[in-house]
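Numbering (this note's numbering), first residue to last: 1 to 536.
Heads up, the thing below is written out as structure tokens.
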């Protein structure tokens, strides 16, 4: 018997529920009642925190903001700190308000939210790669394509070197002079210790060693390098001057970052504007209108990336030439539906039908990706199965007709990026699905039960020494999860209403490890544990 099977059985025993009872619950049930767990065995050393109390949450809140760690509300989003840190903090304030109905948490939200809005590109006076300064939050390293523009001996730009490998700010293009106008180009990424070298190349587009062709023909390479001739009239000669040039990550506004950051603003607006008591308070009413407008403005930044699909579906797609890895491709499911949550919340407070329509299309897209396995659990992949990334794609022979400028090829025919979704990104998708269900959009109670089963049957487990944890991927694969995954387990709490064992395992993960404060998503995890513990 595998350690994975032992872990699952230990998990079921811990919840006071047999595998037979679990199997009898039925995926088709709507509004599955919560099971009553037996008291779980205490860890050998009692936890210093009760993660279901506001005292613990408030401690996490204070510790995070005093730490100065990534994701503070007054920091820009260049390294993704607002998207993957502060967005969870903002959501946690709203979840704590849901749990306790104490406007203290709305006041905490307003304090941080105003700082986050002050960090929009339009407020800071900074621009994206195309020179646009918009009401959203740009990012750079480690997410975007790194670019270096090399000049000849006279200072004229002749060659653009690009790397789509992450942490491109740690990449360097090196030119060594050769004979007769020839040169050697090397690209090194120090983060990964990778170097690609193209020896004895030229700037002659008619020659066999034209650097643009040599680099293109060699792709895929370790540093995911491509180049472009910058000369208005390419001809023999004009080699780049010898030396080292650092690549710089191009500033881009990602739809997923906008979705993560804007969702709490739209959620706040929906919370206030649908509550007559809060609406009567001019402080909250004014802020709700302001935040709804901010969410609308931020979401509109990505209108050019939106695609209507067949059968009432829709998704976001990176425009070809946007300096991101996999430009020209459909975005991963979590990156599309992150903005879907913003749309759902905005649909509650505006008459603009665009938001509900797009949320419905995203929900249908996600629903078409779901499969229910033999255990009654929903499974799905990181990339949509309809995407070129999932299937893999080859170079066509010319960047003009390739799928992607910065990633000319990926995988092989029929064998692309086919991994199942992971715990952390899956939490975004499941949260979107639950909000859609509660808004009467596409999903049904049976789907919610299947998502709950994803957690209890495919993810929740214990280590060989009995410590609560999860597997990495929603199909139960990927081995035992790393901390960056299992510590996100409480973000699945929205489906605990269909099976309390989601709460039981997620809480045990925190109890067993005595998780300490200091990371932004930890606030939302503790808030979710509070929220569910105070249900009813």
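Glycine included, every Cβ here is placed at the ideal spot set by N, Cα and C.
- When C-alpha distances from residue 302 are compared across 331, 290 and 373, the shortest belongs to 331.
- Classified as buried, residue 249 has 16 or more neighbouring CB atoms from the shown chains inside 10 Å of its CB.
- The three-state reading of DSSP puts residue 147 in strand, counting E and B together.
- For residue 426, the enclosing alpha helix (DSSP H) stretches over residues 423-438.
- Looking at the DSSP output, residue 171 bridges to 189.
- Residue 159 is bridged by DSSP to 150 and 229.
- Secondary structure of residue 223 (DSSP, three-state): coil.
- For residue 267, the uninterrupted alpha helix (DSSP H) run begins and ends at 255-273, by DSSP.
- In this structure residue 138 is in contact with residue 251, their Cβ atoms being roughly 4 angstroms apart against a cut-off of 8 angstroms.
- Collapsing the DSSP output to three states places residue 386 in coil.
- The continuous alpha helix (DSSP H) containing residue 506 extends over residues 501-513.
- Straight-line spacing of the CA atoms in residue 480 and residue 504 works out to 18 angstroms.
- The continuous alpha helix (DSSP H) containing residue 526 extends over residues 520-533.
- In this structure, residue 169 keeps its C-beta atom at 8 angstroms or more from the C-beta atom of residue 155.
- Here the region 259-277 makes contact with the region 344-356; the two share three or more CB pairs at distances below 8 angstroms.
- Residues 147, 149, 227, 228 and 230 of the same chain have their beta carbon placed closer than 7 angstroms to that of residue 160, with the five preceding and five following residues left out of the count.
- Of the candidates 279, 486 and 443, 486 places its Cα closest to the Cα of residue 506.
- A straight-line Cα-Cα distance of about 7 angstroms links residue 443 and residue 363.
- When the Cα atoms are used, residue 176 and residue 234 turn out to be separated by approximately 21 angstroms.
- In terms of Cα proximity to residue 108, the closest of 133, 244, 371 and 73 is 73.
- If you ignore the 5 residues before and after residue 369, its C-beta comes within less than 8 angstroms of the C-beta of 333, 380, 381, 384 and 385, all in its own chain and listed in chain order.
- As a beta-bridge residue in DSSP terms, residue 473 pairs with 422.
- Contact check between the region 469-476 and the region 422-432: three or more CB pairs, one atom from each, fall below 8 angstroms, which counts as touching.
- For residue 307, the enclosing beta strand (DSSP E) covers residues 306-308.
- Annotated three-state conformation of residue 63 is helix, per DSSP.
- Only buried fits residue 162, as 16 or more other CB atoms lie within 10 angstroms of its CB.
- It is roughly 59 angstroms from the alpha-carbon of residue 281 to the alpha-carbon of residue 395.
- Restricted to the region 72-152, the beta strand (DSSP E) segments that are unbroken, complete and at least 3 residues in length are 146-151, listed in chain order.
- Counting along the chain, residue 50 sits inside no beta strand (DSSP E), nor does DSSP assign it H or E at all.
- Your pair residue 181 and residue 236 checks out as a contact, with CB atoms roughly 7 angstroms apart and the cut at 8 angstroms.
- Taking a C-beta distance under 8 angstroms as the contact criterion, residue 376 and residue 450 qualify as a contact pair.
- Here residue 484 carries a helix assignment [DSSP, helix/strand/coil].
- By the criterion of a C-beta distance shorter than 6 angstroms, residue 81 is surrounded in its chain by 70, 71 and 75, once the five residues flanking it on both sides are discounted.
- For the pair residue 144 and residue 258, the Cα-to-Cα distance works out to about 15 angstroms.
- If you draw a straight line from the Cα of residue 206 to the Cα of residue 213, it comes to about 10 angstroms.
- Apart from the 5 residues on each side of it in sequence, residue 408 sits with its Cβ closer than 6 angstroms to the Cβ of 219, 395 and 402 in its chain, given in chain order.
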